[in-house]
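Asks:
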Amino acid sequence: MTVTAVIGAQWGDEGKGKVVDTLARHADVVIRYNGGNNAGHTIQNQHGTFRLHLLPSGIFHPAAQCVIGPGVVVNPDVFLAEVADVERVGMPTVGRLWLSDRAHLIFPHHILIDELEEAARGGSSHGTTKQGIWPVYSDKAGRVGIRVGDLLEERHLAEQVAYLAERKSAVLRGVYRNEPVEAGELLAACTRWAGRLRPYITDTHPLVQEALRADRGVLLEGQLGVMRDLDWGLYPFVTSSTTLPGGASAGAGIPPYRITRVLGVAKAYTTAVGSGPMPTELNDATGERIRDLGQEFGATTRRPRRCGWFDGVAARFAAEIAGFTHLAVMKVDVFDSFEQIRVAVAYRLDGRTIHAVPHTAAMARVEPVYEDLPGWRCSTHGARHLGDLPIEARTFLRRIEEIVGVPIALVGVGPDREDMIYCQEGWA
Ligand code: GDP
Ligand code: IMO
Ligand code: MG
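For the sequence shown, UniProt numbering gives the first residue as 1, with consecutive numbering after it.
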């Protein structure tokens, strides 16, 4: 069987949730490996429409074991709310949803610090999701973080919480002129969470190892996309985790060489939420048309997403860094009414033509070089085979394959689980 890493190939929101929900019908184990509830992974299937922030998108396949890996940061209240949402439609969670005891916990002060820092930046804010992501990963790297497994270790927890409250209070008072955090309040939250999370908390290592040993189908679900990766994204307009397959390896606990397929998920165009360079952004009627037709509003914050043409330079760069073996191109149907479609094939930077993503400050200056392709002006919505697509749509997809340098395995032609074209053996 295969171990497939599902990786965002752009700025996030490429349709990873839909892809994982679709592929999970053949998966034994689905693992979320990075980020936290900054994610909004939309799934539309016979149970309804769901925006999952934390639970693996395989949760709607009762035979799949779903794991929140050590690389994830967990807001327990969001976790419990999502558990209630999926149980309401009849999906069992106890005995098949697992929370790594090594994952770090998001506390209310992480969210508060994220909000206060964004406010302090004023006009130059990063546009984070304000879910406490950088503060919790900072604590993790600073080795003062509190992990899920600590909830079940009372004495040890009390010591950790006392130190954390003291240090965070110093920051809140000194840097942000805010109220301190009380160790007692943190401990009370921990006690409440411990009781409710207990059935899900486990050492995920044996389960994952057993799946590898037995050669089961494993899906690794990424959060965000390569352009927001902490190392290779447009720093500082990035998130605080690794969105790459290397992050999948570490964040799930799977040796890199066991990952057999790396599926880059891209949209037929580009979107971004939050600040930072986006060379193909369209601040005009065409951008608005893409936003309307694609319903491009943030799944977590409901912010209108910035929209623009497919950025072939960024996508090829992502393919090289992440080593995509296959590509999924989603939302091709959004272009059904377009007469002409543009694709960026290079950038102009200070009088030179370049074909890779430069340092962020230079990225803010690049001008995209476009190639124009004819639209197809008919519905692709019900297409289930490549041959069902009009010739112009197939030409568009072939050109994306050439530009990115990766074969297309999946094509999205609508938001529903079934709205998918499988272009290759082994994916259907
Ligand atoms: P994720 O964060 O990568 O999982 O993506 P989001 O869920 O944030 O955003 C993708 C949006 O596009 C969601 O609203 C999906 O329901 C929708 N979507 C996914 N694939 C397709 C597709 O092929 N066509 C259309 N029209 N919508 C799609
Ligand atoms: P999924 O998994 C789109 C963006 C924020 C901000 C930057 C840092 O659904 O693709 P953070 O809260 O992580 O500190 O914000 O990253 N961002 C996302 N954009 N989709 C997401 O998740 C995102 N998660 C964070 O807007 O620019
Ligand atoms: Mg999303």
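Think of the CB as a built atom: it goes at the ideal place given N, C-alpha and C, for glycine as much as any other residue.
Helix, strand or coil for THR286? Go by DSSP, reduced to three states.
Replies: Here residue 286 refers to the residue found at position 286 when the sequence shown is read from its first residue. Helix at THR286.
Asks: To which residues of the same chain is THR93 closer than 7 Å at the C-beta, ignoring the five residues directly before and after it?
Replies: In the sequence shown, residue 93 corresponds to position 93, counting from 1. So the list reads VAL83, VAL86, GLU87, once near-sequence residues are dropped.
Asks: Using the C-alpha atoms, what's the distance from ARG291 back to PRO304?
Replies: By one-based count along the sequence shown, residue 304 stands at place 304. By one-based count along the sequence shown, residue 291 stands at place 291. Approximately 8 Å, taken between the alpha carbons.
Asks: Could you spell out where the beta strand (DSSP E) holding ARG342 opens and where it closes?
Replies: As a position in the sequence shown, residue 342 is number 342, starting the count at 1. Per DSSP, ARG342 belongs to the beta strand (DSSP E) from 340 to 349.
Asks: According to DSSP, is ARG96 part of a helix, a strand, or is it coil?
Replies: Counting from 1 along the sequence shown, the entry for residue 96 is found at position 96. Three-state DSSP puts ARG96 in coil, outside helix and strand.
Asks: Using a Cβ-Cβ cut-off of 7 Å (strictly less than) and excluding sequence neighbours within five positions of GLU14, which residues of its own chain qualify?
Replies: Sequence index remark: in the sequence shown, residue 14 carries index 14 (1-based). Cβ neighbours of GLU14 beyond the five flanking positions: GLY8, GLY225, VAL265, ALA266, LYS267, MET330.
Asks: Tell me which residues share the same chain as ALA39 and place their Cβ nearer than 6 Å to its Cβ, disregarding the 5 neighbours each side in the sequence.
Replies: Walking along the sequence shown from the start, residue 39 turns up at place 39. For ALA39, where only same-chain residues beyond five positions count, the Cβ hits under 6 Å are HIS53, GLN223.
Asks: Comparing the CB of ALA171 with every heavy atom of ligand 1, is any distance shorter than 7 Å?
Replies: Position 171 of the sequence shown, counted from the start, is the residue given in the question as residue 171. The sequence given here places Val at residue 171; Ala does not occur at that position. No, since every heavy atom of ligand 1 falls outside the 7 Å radius drawn around the Cβ of VAL171.
Asks: State the CB to CB distance for the pair HIS126 and GLY274, rounded to an integer number of angstroms; the pair is presumed to be in contact (CB under 8 Å).
Replies: On the sequence shown, residue 126 is found 126 positions in, with the first residue counted as 1. On the sequence shown, residue 274 is found 274 positions in, with the first residue counted as 1. With a Cβ gap of about 6 Å, HIS126 and GLY274 count as contacting.
Asks: With ARG102 and GLY149 assumed to form a contact (beta carbons below 8 Å), what rounded beta-carbon distance in angstroms separates them?
Replies: Position 102 of the sequence shown, counted from the first residue, corresponds to residue 102. Position 149 of the sequence shown, counted from the first residue, corresponds to residue 149. About 7 Å; that satisfies the 8 Å criterion.
Asks: Please confirm whether any heavy atom of ligand 3 lies closer than 7 Å to the CB of ASP21.
Replies: Within the sequence shown, residue 21 is the residue found at index 21, counting from 1. Answer for ASP21: no, Cβ out of range of ligand 3.
Asks: In the stretch 239 to 273, which residue ranges form an unbroken beta strand (DSSP E) of at least 3 residues, counting only runs that do not cross its ends?
Replies: DSSP runs (the beta strand (DSSP E)) wholly in the stretch 239 to 273: 261 to 267, 269 to 272.
Asks: Beta-carbon within less than 7 Å of GLU308's beta-carbon, same chain only, minus the 5 sequence neighbours each way: which residues are those?
Replies: By 1-based counting over the sequence shown, the position of residue 308 is 308. Reading the sequence as shown, one finds Gly at residue 308 and not Glu. Within the same chain, GLY308 has close Cβ partners TYR269, THR270, MET278, THR280, GLU281, LEU282, GLY287.
Asks: Please identify the residue among VAL3, TRP427, ALA428 whose C-alpha is closest to the C-alpha of ALA214.
Replies: Translated into the one-based positions of the sequence shown, residue 214 becomes position 214. Selected option, being the one with the closest Cα: VAL3.
Asks: List the endpoints of the continuous alpha helix (DSSP H) containing GLY90.
Replies: Position 90 of the sequence shown, counted from the first residue, corresponds to residue 90. Premise fails: GLY90 is in no alpha helix (DSSP H) and is neither H nor E.
Asks: Are at least three pairs of beta-carbons, each pair with one atom in the stretch 327 to 346 and one in the stretch 401 to 415, less than 8 Å apart?
Replies: Enough Cβ pairs lie closer than 8 Å, so yes.
Asks: Using the C-alpha atoms, what's the distance from PRO76 back to LEU230?
Replies: Translated into positions along the sequence shown, residue 230 becomes position 230. Translated into positions along the sequence shown, residue 76 becomes position 76. Using only the alpha carbons, I get a separation of about 24 Å.
Asks: Over the uninterrupted beta strand (DSSP E) stretch that includes LEU219, give me the two end residues.
Replies: The count along the sequence shown starts at 1 and reaches residue 219 at position 219. Taken as a continuous stretch (DSSP letters only), the beta strand (DSSP E) holding LEU219 covers 218 to 225.
Asks: What whole-angstrom Cβ distance do ASN178 and LEU186 have, given they're in contact under 8 Å?
Replies: Numbered from its first residue, the sequence shown carries residue 178 at position 178. Numbered from its first residue, the sequence shown carries residue 186 at position 186. At roughly 16 Å, the Cβ-Cβ gap does not stay under 8 Å, so ASN178 and LEU186 are not in contact.
Asks: For a test of your reading of the model: does the CB of GLY40 fall under 7 Å from any non-hydrogen atom of ligand 3? Yes or no.
Replies: The residue given as residue 40 occupies position 40 in the sequence shown. Checking the Cβ of GLY40 against ligand 3 gives yes.
Asks: Grab me the residues of GLY132's own chain with a C-beta within less than 6 Å of its C-beta, minus the 5 sequence neighbours each way, in chain order.
Replies: Here residue 132 corresponds to residue number 132 of the sequence shown, with the count starting at 1. Contacts found: ILE106, HIS110, ILE111, ASP114.
Asks: Helix, strand or coil: which one does DSSP assign to HIS104?
Replies: The residue given as residue 104 occupies position 104 in the sequence shown. Of the three classes helix, strand and coil, the one that applies to HIS104 here is strand, per DSSP.
Asks: If you reduce the DSSP assignment to three classes, tell me which class LEU373 lands in.
Replies: As a working mapping, residue 373 is identified with position 373 in the sequence shown. Note: LEU373 maps to strand in three-state DSSP.
Asks: Return yes when the C-beta of LYS16 is under 7 Å from any heavy atom of ligand 5, and no when it is not.
Replies: In the structure shown, ligand 5 is absent; the only ligands present are ligand 1, ligand 2 and ligand 3.
Asks: Quick check: what's the CA-CA separation for THR242 versus ILE201?
Replies: The residue you call residue 242 lines up with position 242 of the sequence shown. The residue you call residue 201 lines up with position 201 of the sequence shown. Answer to the nearest angstrom: the Cα atoms are 23 Å apart.
Asks: Counting only runs that start and end within the stretch 296 to 365, where is the alpha helix (DSSP H) found for 4 or more residues in a row?
Replies: The stretch 296 to 365 contains these whole alpha helix (DSSP H) runs: 312 to 322, 360 to 363.
Asks: Where does ARG196 fall in DSSP's three states?
Replies: Here residue 196 corresponds to residue number 196 of the sequence shown, with the count starting at 1. Three-state result, ARG196: helix.
Asks: With a cut-off of 8 Å on the beta carbons, I'd call ASP28 and PHE60 a contact; round off their distance for me.
Replies: Counting from 1 along the sequence shown, the entry for residue 28 is found at position 28. Counting from 1 along the sequence shown, the entry for residue 60 is found at position 60. Not really, about 15 Å apart at Cβ, beyond 8 Å.
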